[in-house]
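Residue numbers (the numbering used here): 48 to 880.
Ideal placement from N, C-alpha and C gives every residue a C-beta, glycine not left out.
As the structure is a prediction and not an experimental result, all values here were calculated from the model.
Inspection log for the structure reproduced underneath, given as structure tokens.
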DNA sequence: CTCTCCCT
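Following this line, the structure appears as structure tokens:
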């Protein structure tokens with residue numbers, strides 16, 4: 048143990064923590080920090096009579112760290128060194144080092160914020176940045192500054208950016224320690240990883256063949272998920288592999304014996320190719336690996352604030368993760384790592400994985416903060432503060448569940464929920480169920496929701512949760528698994544016993560009425576109560592649409608609750624659900640029901656109607672028909688319909704349209720004039736149209752709207768005068784005719800007039816206070832356009848003579864003078880001379 | 001073609 052690299056830095060650490068209350072240790076893999084650091088402080092004077100708490104992110108790691116430290120002291124666990132985790136605690140009277148897992152630390156801080164006899168808290172593997180570690184550090188820092196100035200905090204990490212943590216810990220000193228691993232060659236293979244040309248599993252398979260040919264020892268391949276692992280297996284099975292090659296998948300859901308087979312050393316004469324998820328990145332050490340192949344992808348859960356539902360996505364790993372994966376090839380001998388991306392792409396990878404707090408459901412975090420007495424997370428010091436949108440979503444859910452009051456303070460019910468430790472949805476269900484004497488059923492449901500599905504394959508296609516409840520009770524009675532997954536059954540049974548113990552219910556107690564499952568689940572998911580819309584489609588009380596596979600009996604249920612839904616765009620898919628009776632819904636969600644009068648547009652009759660509805664979220668549970676809407680209600684609905692369907696519902700006659708266009712022309716000259724575009728008019732219906740639709744009830748009535756008056760109403764008296772002056776309806780031309788102006792293009796109003804009527808006028812008539820020349824359409828006697836111009840003077844000088852020749856030929860009896868400016872204009876079609 | 005990994 049003396050030759051471990053960590054030994055060189057321990058004196059430094061001891062010196063720092065004698066004088067100060069915080070330190071950061073950055074130690075590379077293989078340095079030995081987890082087991083060497085805690086015992087080093089036992090004899091420090093400031094720790095006299097106090098204990099050390101070390102946080103580990105995983106149960107397995109916590110147990111083995113405690114075991115190793117104890118054995119180094121020649122003791123067993125529970126003497127000087129112990130551990131504490133959910134449902135498993137080994138701590139004795141003389142225990143001074145307690146290794147805890149994440150939820151435990153949060154509970155200890157919440158039940159005694161001063162941390163009683165604890166002298167030092169160590170956060171191990173802090174670079175993983177789990178939600179609980181971030182929360183634990185924030186709470187511990189506040190405990191230190193408010194209650195326990197002598198409390199020491201040590202943050203240990205493999206790859207963390209030390210400076211950011213240092214500034215969070217009041218400029219705590221950073222100690223760095225090299226690791227001890229064998230060198231690993233890195234080979235970038237961009238051609239294999241080009242996702243536009245091939246799939247990750249195809250390139251992984253190609254890299255496996257290359258590694259088996261070029262390198263000795265076993266191969267570890269990192270893939271994003273189970274699906275890719277299975278496909279890579281198929282891909283490799285297509286061609287022959289060197290004799291003795293064995294493929295070993297490895298992922299969390301795999302049964303234990305197969306996981307063991309992947310981890311165990313290969314037997315003589317065999318070479319092992321392990322196809323793994325990120326589970327092999329930190330938690331497990333696999334013997335004999337000399338080559339790592341990394342697709343550079345991982346699957347991660349992202350909480351969508353938009354829908355309030357979690358979603359799985361495949362994302363590139365961080366540089367830190369890629370280095371961690373590469374390190375797995377150098378544990379026992381020098382190795383090689385094939386990266387299926389380019390050196391340039393590597394430069395663009397993020398340095399670290401996104402901290403869990405930035406992406407995950409924050410409901411539990413928000414409940415813990417409320418219990419701590421914090422309403423604004425900004426009151427605590429964070430490396431990354433909880434993001435605002437998901438946090439707001441979380442507190443809204445907590446209010447709906449009754450955990451927070453309107454002011455955001457925790458309620459007594461919220462306190463009971465927090466103590467249970469389960470997700471707030473689950474905790475709320477368990478407490479409501481206990482009130483209804485349904486705790487035994489609720490405990491099973493909670494366990495079913497937290498563990499993986501009992502059914503695999505075709506049975507999993509039926510989304511009815513009560514089938515799982517029946518399978519579970521069958522297993523509890525007779526230990527027969529039926530068609531269900533035995534490992535999953537055992538896990539669910541273990542889990543449900545924990546909940547039963549918390550609710551003080553006996554494990555042997557029968558299920559009671561399984562058909563109450565839907566009711567109990569509706570307490571946990573009040574926003575996912577579904578109302579049938581047909582064809583397996585449901586509308587959820589939270590506002591989303593969702594659909595389940597057709598053909599299953601559950602699809603015919605008028606009401607369901609859907610704990611398992613995905614987050615796809617448009618309508619969600621329902622994976623797990625249970626039927627819910629309307630009677631239960633009305634009775635047990637009475638507090639959430641909203642009775643209101645609703646005025647609505649009946650598109651069938653094209654008229655406004657009113658009804659009284661009972662709502663649960665977006666669902667309408669009951670309604671009466673045909674009450675009469677008040678004039679105000681009617682008016683407001685009509686305006687909404689016009690806004691939605693468009694202004695063409697109004698009676699646009701020729702003169703009205705011209706008025707609108709003239710006003711638009713004025714707007715183009717003077718920005719302060721009202722904008723007459725469809726969009727602007729739609730946005731301001733309330734102001735200009737509302738007074739003119741009073742008493743109207745339907746589309747036919749709308750045809751009586753005095754639209755010209757309504758538009759004129761947008762202008763005051765002065766503006767109307769200016770309108771008539773600058774945007775006249777007609778222009779009087781030299782012949783004496785009043786010719787209408789066409790404003791359909793407000794940028795260039797058109798005056799269409801017979802050429803002969805313009806004789807004698809030198810320049811183009813102008814409008815808009817002289818700023819805008821009209822666009823002249825000069826017409827033949829038969830009103831055919833001969834010339835389009837906005838420069839009349841130039842026309843007379845140049846083009847007129849060509850046009851004249853043409854016109855003379857076609858209209859010989861008309862008068863086509865050589866000097867049009869001195870000729871007498873005429874509006875008569877026939878020649879006057 | 002529904003499923004990364006943990007934890008109270």
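At a Cβ-Cβ threshold of 8 angstroms, residue 160 and residue 116 do not count as neighbours.
The residue among 322, 291, 292 and 316 with its C-alpha nearest the C-alpha of residue 305 is 322. The closest CA to that of residue 205, considering only 235, 178, 194 and 174, is found on 174. Here DSSP, grouped into helix, strand and coil, assigns residue 771 to helix. Contact between residue 320 and residue 342 is ruled out by a C-beta separation of about 14 angstroms, above the 8 angstroms threshold.
Residues 280, 283, 320 and 322 of the same chain have their beta carbon placed closer than 7 angstroms to that of residue 294, with the five preceding and five following residues left out of the count. The segment 569–578 and the segment 507–524 do not touch, with fewer than three beta-carbon pairs separated by less than 8 angstroms.
If you check the CB distance, residue 298 and residue 328 do not come in under 8 angstroms. Per the coordinates, the alpha-carbon of residue 746 lies some 15 angstroms from the alpha-carbon of residue 754.
With a cutoff of 8 angstroms on beta-carbon distance, residue 686 and residue 737 are scored as near each other.
Per the C-alpha coordinates, the member of 383, 363, 365 and 378 positioned closest to residue 339 is 383. For residue 210, the enclosing alpha helix (DSSP H) stretches over residues 209–215. Restricting attention to beta strand (DSSP E) runs no shorter than 3 residues, the segment 266–322 encloses them at 292–297, ordered along the chain. Between residue 661 and residue 642 the beta-carbon gap is near 5 angstroms, inside 8 angstroms, which marks them as a contact. Considered as a whole, the segment 99–148 harbours 128–132, 135–137 and 144–147 as its complete beta strand (DSSP E) runs of no fewer than 3 residues, in chain order.
The DSSP-derived three-state label of residue 622 is strand.
With a beta-carbon spacing of about 19 angstroms, residue 834 and residue 819 fall beyond the 8 angstroms limit used to define contacts. The criterion of a C-beta distance shorter than 8 angstroms is not satisfied by residue 232 and residue 335. By the Cβ test, the segment 407–417 is in contact with the segment 442–450, since at least three Cβ pairs between them sit closer than 8 angstroms.
Of all alpha-carbon atoms in 251, 302 and 228, the one lying nearest the alpha-carbon of residue 238 is that of 251.
Contact between the segment 595–609 and the segment 480–487 is not established, with fewer than three Cβ pairs separated by less than 8 angstroms. Annotation: the continuous alpha helix (DSSP H) that includes residue 181 extends over 178–193. Three or more beta-carbon pairs separated by less than 8 angstroms are not found between the segment 606–616 and the segment 538–555, which leaves the two stretches without contact. Using a C-beta cut-off of 8 angstroms, the segment 527–546 makes contact with the segment 494–512, since at least three inter-stretch Cβ pairs fall below that distance. DSSP places residue 647 within a strand segment (E or B) once states are collapsed to three. For residue 594, the enclosing beta strand (DSSP E) has its first and last residue at 592–594. DSSP links residue 351 through a beta bridge to 356. Under the DSSP definition of a beta bridge, residue 363 partners with 344. Distance check between residue 189 and each of 427, 210 and 510 places 427 closest, using alpha-carbon atoms only. Cβ neighbours of residue 521 within its own chain (closer than 7 angstroms, five residues either side excluded): 527 and 529.
Taking C-alpha positions only, residue 296 is separated from residue 381 by approximately 24 angstroms. Comparing C-alpha distances from residue 669 to each of 698, 677, 637 and 862 shows the shortest one belongs to 637. Secondary structure note for residue 844: it is in no beta strand (DSSP E), and the uninterrupted alpha helix (DSSP H) holding it is 839–844. Cβ atoms of residue 171 and residue 81 come within 8 angstroms of each other, at about 6 angstroms. In the assembly as shown, residue 196 is an exposed residue. Its beta-carbon has fewer than 16 other beta-carbons within 10 Å. Taking all protein chains shown into account, residue 764 has fewer than 16 neighbouring C-beta atoms within 10 Å of its C-beta and is therefore exposed.
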